Amino acid sequence: MGPLLRIRNLRVWFDVRIGLIAGFLGKETKHVRAVDGISFDVNRGEVFCLVGESGCGKTTTGKALLRLNQPTDGNVFFNVPDKMWDQVVAVEQRLREIEPLLPDPKSTEMKRAGTEWSRLHSLREQVESARSPRGSAGSQAHRERLQRAIRVLDDREKALLEHGDAAVSRLVSKDQKRVEVMRDLGPWFTIARARKLDRLEEQLKEAKYQSVRAKALRFGARKAGRTTRRLERKIAAVRSHVQTDAPDHANDIDALQRTLKEKETGLTELELAHVRDEREQLRRQLEAEKPPEAGPGESEIQELEAEIERIRSTGGLAVQALELRAYLAEVRNWYDLTTWAVRGGRIRELRRHMQIIYQDPYESLNPKLSIYDIVSEPLVANHITSSVTETEAVVAQALEDVGLRPASEYMFRYPHELSGGQRQRVGIATALVVDPDFIVADEPVSMLDASVRTEILALLLELKKRRDLTYLFITHDLGLAWILADRIAVMYLGKIVETGDGPEIIRNPRHPYTKALISVVPSPNPSVQGEKIILHGERPNPVDIPGGCRFHPRCPMAVGVCGWNSEEVRDELNKLLAEDRKEFPESSSVTEVAASGPLSLTLKTANPGPVETYLWKRLQAVALGRPALGAIRRANSQSGALELMLHEPSEPPLRQITPNVLVACHLVEPEAVAERAVAVGK
Amino acid sequence: MNALNPVKRVSWQIAEAIALHDNMSFDEAQGRVVELLELVGINPARKEEYPHEFSGGMRQRVMIAMALACRPKIIIADEPVTALDVMIQAQILELLTKLQKELDLSMILISHDLSVIAQTCDRVAIMYGGKIAEYGPAEEVFLDPQHPYTQGLLRSFPDIYGPRDLPPWIPGQPPNLLEPPEGCRFHERCPLAFDVCLVQEPPLYQPRPGHLASCHLRAPSS
Chain S
8 MGPLLRIRNL
18 RVWFDVRIGL
28 IAGFLGKETK
38 HVRAVDGISF
48 DVNRGEVFCL
58 VGESGCGKTT
68 TGKALLRLNQ
78 PTDGNVFFNV
88 PDKMWDQVVA
98 VEQRLREIEP
108 LLPDPKSTEM
118 KRAGTEWSRL
128 HSLREQVESA
138 RSPRGSAGSQ
148 AHRERLQRAI
158 RVLDDREKAL
168 LEHGDAAVSR
178 LVSKDQKRVE
188 VMRDLGPWFT
198 IARARKLDRL
208 EEQLKEAKYQ
218 SVRAKALRFG
228 ARKAGRTTRR
238 LERKIAAVRS
248 HVQTDAPDHA
258 NDIDALQRTL
268 KEKETGLTEL
278 ELAHVRDERE
288 QLRRQLEAEK
298 PPEAGPGESE
308 IQELEAEIER
318 IRSTGGLAVQ
328 ALELRAYLAE
338 VRNWYDLTTW
348 AVRGGRIREL
358 RRHMQIIYQD
368 PYESLNPKLS
378 IYDIVSEPLV
388 ANHITSSVTE
398 TEAVVAQALE
408 DVGLRPASEY
418 MFRYPHELSG
428 GQRQRVGIAT
438 ALVVDPDFIV
448 ADEPVSMLDA
458 SVRTEILALL
468 LELKKRRDLT
478 YLFITHDLGL
488 AWILADRIAV
498 MYLGKIVETG
508 DGPEIIRNPR
518 HPYTKALISV
528 VPSPNPSVQG
538 EKIILHGERP
548 NPVDIPGGCR
558 FHPRCPMAVG
568 VCGWNSEEVR
578 DELNKLLAED
588 RKEFPESSSV
598 TEVAASGPLS
608 LTLKTANPGP
618 VETYLWKRLQ
628 AVALGRPALG
638 AIRRANSQSG
648 ALELMLHEPS
658 EPPLRQITPN
668 VLVACHLVEP
678 EAVAERAVAV
688 GK
Chain U
72 MNALNPVKRV
82 SWQIAEAIAL
92 HDNMSFDEAQ
102 GRVVELLELV
112 GINPARKEEY
122 PHEFSGGMRQ
132 RVMIAMALAC
142 RPKIIIADEP
152 VTALDVMIQA
162 QILELLTKLQ
172 KELDLSMILI
182 SHDLSVIAQT
192 CDRVAIMYGG
202 KIAEYGPAEE
212 VFLDPQHPYT
222 QGLLRSFPDI
232 YGPRDLPPWI
242 PGQPPNLLEP
252 PEGCRFHERC
262 PLAFDVCLVQ
272 EPPLYQPRPG
282 HLASCHLRAP
292 SS
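Line by line, the protein sequences give chains S and U.
Numbers 8 to 689, taken from the working numbering, label the letters of the first sequence in order.
Numbers 72 to 293, taken from the working numbering, label the letters of the second sequence in order.
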């Protein structure tokens with residue numbers, strides 16, 4: 008069994024509003040790159056932990072998988088059969104190989120390939136329709152299908168005539184209830200009377216106001232007084248009727264029931280007419296179809312296939328590429344949930360398979376809804392249960408499953424009547440009630456007290472075993488990841504820096520960020536704590552992500568190739584020059600250090616030659632403590648200036664380090680390791 | 072996180088305590104504000120900003136600066152790192168320890184996170200149901216807990232350096248303090264409770280010099 012979810016290059020960017028005027032002036036929209044191209048698989052039945060500081064994009068990833076956030080780019084394949092995936096991988100590989108060889112998409116050659124391909128496509132459809140047992144219009148199978156549909160409609164007509172329409176009576180039963188309520192309220196209550204009283208009281212209020220106003224204005228007070236008195240009399244009259252007799256009450260109820268009956272029969276009639284209409288259409292279609300002609304015979308099919316082969320062999324790479332692309336598009340259409348429509352589309356279907364448990368049980372439950380309302384909402388919204396009794400049974404089962412026993416005790420309480428742990432159990436029940444396969448657990452225990460935490464975790468693990476669930480567990484606590492995770496992905500600023508087997512990563516972290524994160528997890532045992540690697544400063548703003556490796560400004564192990572830009576190098580160089588002022592006289596001949604480009608610096612100096620020698624000597628000596636200076640790759644002496652060139656920044660890709668671990672760090676790459684070894688040797 | 076006034080500048084909030092207690096005007100207090108911000112590791116240039124412009128860790132640093140404003144001898148730190156990320160948590164704890172040493176402060180750290188206490192405190196008192204259950208030097212309490220509650224609590228913590236199992240937890244709920252249970256307050260959840268626990272409240276026994284535990288099992292006779 009392969010992975011349940013395959014995430015490829017997922018990106019979630021949010022626009023930063025720049026304002027209308029700035030937009031007109033052509034200012035570029037900036038983006039918060041919350042999730043910036045991550046790929047991982049979630050296997051069936053495992054706990055996959057996403058770990059990282061707040062703001063690294065863990066939750067955004069989790070929500071994007073459920074399409075609660077709109078992914079900007081990338082694919083999330085859900086439940087792709089393994090064989091098909093192998094084929095997809097092969098096709099992608101082949102496409103990567105041939106795409107650089109393709110002609111320009113606007114060239115005539117490519118256009119010709121387009122027509123060739125569409126011919127190929129239609130030929131293949133012909134072959135398929137001839138081969139498939141279902142056949143197309145005109146075939147025997149199609150006639151049979153039409154006949155079957157007509158038979159179904161016949162049955163429906165009979166049922167409608169005999170018992171009426173179930174859907175309609177459900178609709179009507181609501182109104183029926185209203186009639187009953189009226190009957191219960193007693194004989195004085197009639198609709199006309201209630202309305203009349205309402206209206207009169209409204210008028211009286213207005214009249215009283217007018218009378219006050221008239222008195223203040225000393226004009227028209229008598230008239231206003233008359234109106235008020237008249238209205239008061241009228242109201243009294245209606246009320247006295249109300250208390251004594253009610254000849255229309257019974258009539259009202261009768262009339263209402265009659266209209267309801269009419270409505271019911273009317274709607275049923277409508278449905279009946281619809282059914283008859285549809286059947287008539289099908290009949291006409293059936294008559295119009297001639298008895299099946301002989302379809303393409305075996306020899307003709309072979310001819311078609313030969314034609315297909317010919318186009319394939321002569322069409323060349325362009326046709327092949329188009330074919331492969333079409334195949335990929337089709338797979339995406341079916342399995343990539345980033346392409347599914349959110350409203351009324353397949354995402355609805357997805358909700359039954361994927362659910363989320365939110366972080367904060369104090370905020371995520373609606374305080375105005377009872378526990379029953381909260382837990383039953385997914386059932387009702389997804390049309391999973393059809394009757395109230397059924398819903399109630401399922402909700403009760405879900406509550407008992409999460410340890411809220413007996414369910415009847417909790418069902419009609421409100422969130423404020425529960426403790427934090429119990430509320431989180433309600434959150435879990437809400438996720439589980441639709442019986443999903445996959446659950447995103449977004450820090451489900453971080454808001455809970457230490458003593459309740461383990462209880463909830465144990466519940467989650469037990470449910471996983473019993474219901475065969477897969478978890479994407481989002482947490483910033485590596486202590487939890489250590490206990491729960493089968494596999495881990497450590498995220499920093501929207502990228503995965505290290506991923507693979509959970510215990511292996513925690514026992515032997517390779518990325519400097521993972522190392523730091525693990526080192527600061529406190530242990531309740533005061534004798535085991537090793538040295539803490541505390542990262543200073545805060546994570547950078549995800550709008551301006553540092554170039555190269557995005558962790559380099561905070562990395563305690565960074566080297567020259569990690570992606571320093573000229574401004575970072577300039578600041579570091581200024582510091583060095585200031586320190587060296589006494590010891591090395593050359594340093595004082597540098598009058599100015601300026602960043603002349605993103606990757607180049609200009610040093611203004613009277614004697615560039617000696618300064619260059621001095622710099623190279625010093626750079627080697629201080630490389631370990633000042634990694635930014637390691638970025639200086641080359642120096643050009645000019646008259647009155649020295650130009651320094653920096654290493655090209657490159658973002659480290661995820662590299663396979665051991666069979667189970669992937670790391671994205673320049674330090675695991677041979678060249679960088681060599682550089683560091685040299686520095687350490689010095 | 073929410074302890075700062077959102078409509079006042081940070082400098083104002085720190086200066087307030089100084090102005091109130093040290094008989095200074097707000098302007099005179101600004102010098103001390105800069106000093107305090109430097110002390111807690113915030114660039115003093117940001118002192119005229121509002122709390123929402125600071126991250127969670129920075130806000131906590133501002134809170135610490137406010138606490139230090141009048142040069143106190145003792146600081147009560149109430150769950151100072153609970154709402155923070157592990158890395159920021161480590162930064163804040165490092166800062167608190169550093170300040171405590173530099174300024175010769177005493178500190179009462181209130182926390183439900185035993186691992187934080189284990190890493191920072193000299194002595195620790197474990198409370199249950201409004202009473203002290205155990206008290207002693209941190210090292211001793213954590214390595215050799217004397218009270219069943221402390222033992223259960225310590226076991227229930229996931230330890231990244233420990234075995235890879237879900238730890239056991241203490242079943243049940245904390246007692247209702249309107250009607251605290253008779254006898255030992257922990258007896259309803261205690262795996263080792265026996266008849267005396269139900270009727271008699273244990274005093275603080277001293278199983279070891281300086282290490283106290285309120286549990287009948289630690290009575291000198293038993």
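Even for Gly, the Cβ is constructed at its ideal location relative to N, Cα and C.
Keep in mind that this is a model prediction, so the values were computed, not measured.
Pair every Cβ in the region 566-574 of chain S with every Cβ in the region 633-642 of chain S, then say whether three or more of these pairs are closer than 8 Å. yes
Near-chain U residues of the region 570-594 of chain S - C-beta to any C-beta below 8 Å: none
Residue ranges of each alpha helix (DSSP H) run of no fewer than 4 residues wholly in the region 345-397 of chain S, ordered along the chain? 353-358, 378-388
Cys569 (chain S) - DSSP class collapsed to helix/strand/coil: For this step, residue 569 (chain S) is matched to residue 562 along the first sequence. Three-state DSSP puts Cys569 (chain S) in a helix.
Using a threshold of 8 Å, state whether the C-beta atoms of Gly509 (chain S) and Cys56 (chain S) are closer than that. The residue you call residue 509 (chain S) lines up with position 502 of the first sequence. The residue you call residue 56 (chain S) lines up with position 49 of the first sequence. Against a cut-off of 8 Å, the Cβ pair of Cys56 (chain S) and Gly509 (chain S) comes out as a contact.
Quick one: grab the DSSP three-state call for Phe84 (chain S). Start at 1 with the first residue of the first sequence, and residue 84 (chain S) comes out as number 77. DSSP places Phe84 (chain S) in strand when its eight states are reduced to three.
Between the C-alpha atoms of Glu210 (chain U) and Val402 (chain S), what's the straight-line distance to the nearest angstrom? In the second sequence, counting from the first residue as 1, residue 210 (chain U) sits at position 139. In the first sequence, counting from the first residue as 1, residue 402 (chain S) sits at position 395. For Glu210 (chain U) and Val402 (chain S), the distance between alpha carbons rounds to 48 Å.
What residues in its chain sit with their C-beta under 8 Å from that of Gly142 (chain S), if we drop five residues either side in the sequence? Your numbering for residue 142 (chain S) matches position 135 in the first sequence. Residue confidence is low: Gly142 (chain S) scores 44 on pLDDT, short of 50, so the model does not pin down where it sits. Its coordinate-derived value is still stated next. Ser136, Ala148, His149, Gly302.
Within chain S, the residues that Arg235 (chain U) reaches when beta carbons sit closer than 8 Å: On the second sequence, position 164 is the one that residue 235 (chain U) refers to. Going along chain S in sequence order, the residues near Arg235 (chain U) (Cβ under 8 Å) are Trp489, Ile490, Pro510.
Does the Cβ of Thr437 (chain S) have 16 or more other Cβ atoms within 10 Å, making it buried, or fewer, making it exposed? Numbered from its first residue, the first sequence carries residue 437 (chain S) at position 430. Looking at its Cβ environment, which holds 16 or more other Cβ atoms inside 10 Å, Thr437 (chain S) is buried.
Under 7 Å from the C-beta of Asp456 (chain S): neighbouring residues of chain U: Residue 456 (chain S) sits at position 449 when you count from the first residue of the first sequence. Within chain U, the residues near Asp456 (chain S) are His183.
Evaluate contact between the region 135-155 of chain U and the region 516-530 of chain S, counting only Cβ atoms and requiring at least three cross-stretch pairs below 8 Å. no
What is the DSSP secondary structure of Arg141 (chain S), reduced to helix, strand or coil? To locate residue 141 (chain S), count along the first sequence from 1; it is residue 134. For Arg141 (chain S), the predicted structure reports a pLDDT of 47, less than 50, and the residue's modelled location is therefore unreliable. A value from the coordinates is still provided. Coil at Arg141 (chain S), not helix or strand.
I want to know whether the region 130-141 of chain U touches the region 42-59 of chain S - three or more CB-CB distances under 8 Å. no
Would you call the region 543-559 of chain S and the region 75-85 of chain U touching, i.e. three or more CB-CB distances under 8 Å? no
Where does the unbroken alpha helix (DSSP H) through Ser82 (chain U) begin, and where does it stop? Indexing the second sequence from 1 puts residue 82 (chain U) at position 11. Counting along the chain, the alpha helix (DSSP H) containing Ser82 (chain U) begins and ends at 81-92.
Looking at Cys286 (chain U): is its Cβ nearer than 8 Å to the Cβ of Gln217 (chain U)? To locate residue 286 (chain U), count along the second sequence from 1; it is residue 215. To locate residue 217 (chain U), count along the second sequence from 1; it is residue 146. Against a cut-off of 8 Å, the Cβ pair of Gln217 (chain U) and Cys286 (chain U) comes out as a contact.
For Val527 (chain S), go through chain U and note every residue whose CB falls closer than 8 Å to its CB, in chain order. The count along the first sequence starts at 1 and reaches residue 527 (chain S) at position 520. Near Val527 (chain S) (Cβ distances below 8 Å), the residues of chain U are Val157, Met158, Gln160, Ala161.
Answer yes or no: does any C-beta atom of chain U fall closer than 8 Å to that of Ile14 (chain S)? As a first step, residue 14 (chain S) is located in the first sequence; it is residue number 7 there, counting from the start. Chain U contact via Cβ: absent.
Distance CB(Leu102 (chain S))-CB(Asn50 (chain S)) smaller than 8 Å: Reading the first sequence from its first residue, position 95 is the one you call residue 102 (chain S). Reading the first sequence from its first residue, position 43 is the one you call residue 50 (chain S). No, Cβ-Cβ distance for Leu102 (chain S) and Asn50 (chain S) is not below 8 Å.
Using a Cβ distance threshold of 8 Å, determine whether the region 155-174 of chain S contacts the region 282-298 of chain S, with at least three qualifying pairs required. yes
Start and end of the alpha helix (DSSP H) containing Gln327 (chain S)? Locating residue 327 (chain S) in the first sequence gives position 320, where the first residue counts as 1. Run containing Gln327 (chain S): 305-342, per the alpha helix (DSSP H) assignment.
In chain U, which residues lie with their C-beta within 7 Å of the C-beta of Ser61 (chain S)? Residue numbering aside, residue 61 (chain S) sits at position 54 when the first sequence is read from its first letter. Those are Asp156, listed as they occur along chain U.
Limits of the unbroken beta strand (DSSP E) element including Tyr220 (chain U): Your numbering for residue 220 (chain U) matches position 149 in the second sequence. Not the beta strand (DSSP E): Tyr220 (chain U) falls in the alpha helix (DSSP H), residues 219-226.
Interface residues of chain U around Ala565 (chain S) at Cβ under 7 Å? Translated into positions along the first sequence, residue 565 (chain S) becomes position 558. Neighbours of Ala565 (chain S) on chain U: none; closest Cβ ~17 Å, over 7 Å.
List the endpoints of the continuous beta strand (DSSP E) containing Lys502 (chain S). The count along the first sequence starts at 1 and reaches residue 502 (chain S) at position 495. Here the beta strand (DSSP E) through Lys502 (chain S) covers 502-508.
Tell me the rounded alpha-carbon separation between Val19 (chain S) and Pro112 (chain S). Working through the first sequence from its first residue, we reach residue 19 (chain S) at position 12. Working through the first sequence from its first residue, we reach residue 112 (chain S) at position 105. Cα-Cα distance, rounded: 29 Å.
Paired residues, beta bridge with Arg474 (chain S) - DSSP: Counted from its first residue, the first sequence places residue 474 (chain S) at position 467. Answer is none; Arg474 (chain S) lacks a bridge partner.
Spell out a yes or no on whether the region 221-233 of chain U and the region 179-187 of chain U are touching, meaning 3 or more CB-CB pairs, one atom from each, closer than 8 Å. yes
Within 8 Å of any Cβ in chain S, is that where the Cβ of Gln131 (chain U) sits? Sequence index remark: in the second sequence, residue 131 (chain U) carries index 60 (1-based). So no, Gln131 (chain U) is outside the interface.
Starting from Cys56 (chain S), follow its DSSP beta bridges and name the residues at the other end. Along the first sequence, one-based indexing puts residue 56 (chain S) at 49. According to DSSP, Cys56 (chain S) bridges with S:Phe480, S:Ile495.
Beta-carbon gap between Ala100 (chain U) and Ile113 (chain U) smaller than 8 Å: Start at 1 with the first residue of the second sequence, and residue 100 (chain U) comes out as number 29. Start at 1 with the first residue of the second sequence, and residue 113 (chain U) comes out as number 42. No, the pair does not count as a contact, with Cβ atoms beyond the cut-off.
What does Gly207 (chain U) pair with, by DSSP beta-bridge criteria? Residue 207 (chain U) sits at position 136 when you count from the first residue of the second sequence. Answer is U:Val195, bridged to Gly207 (chain U).
Could you tell me the distance, in whole angstroms, from the CA atom of Ala161 (chain U) to the CA atom of Leu500 (chain S)? Looking up residue 161 (chain U) in the second sequence gives position 90. Looking up residue 500 (chain S) in the first sequence gives position 493. Between Ala161 (chain U) and Leu500 (chain S), the C-alpha separation is close to 19 Å.
Does Asp484 (chain S) come within less than 8 Å of chain U when only Cβ atoms are used? For the purposes of this step, residue 484 (chain S) is identified with residue 477 of the first sequence, where counting begins at 1. With 8 Å as the cut-off, Asp484 (chain S) counts as an interface residue toward chain U.
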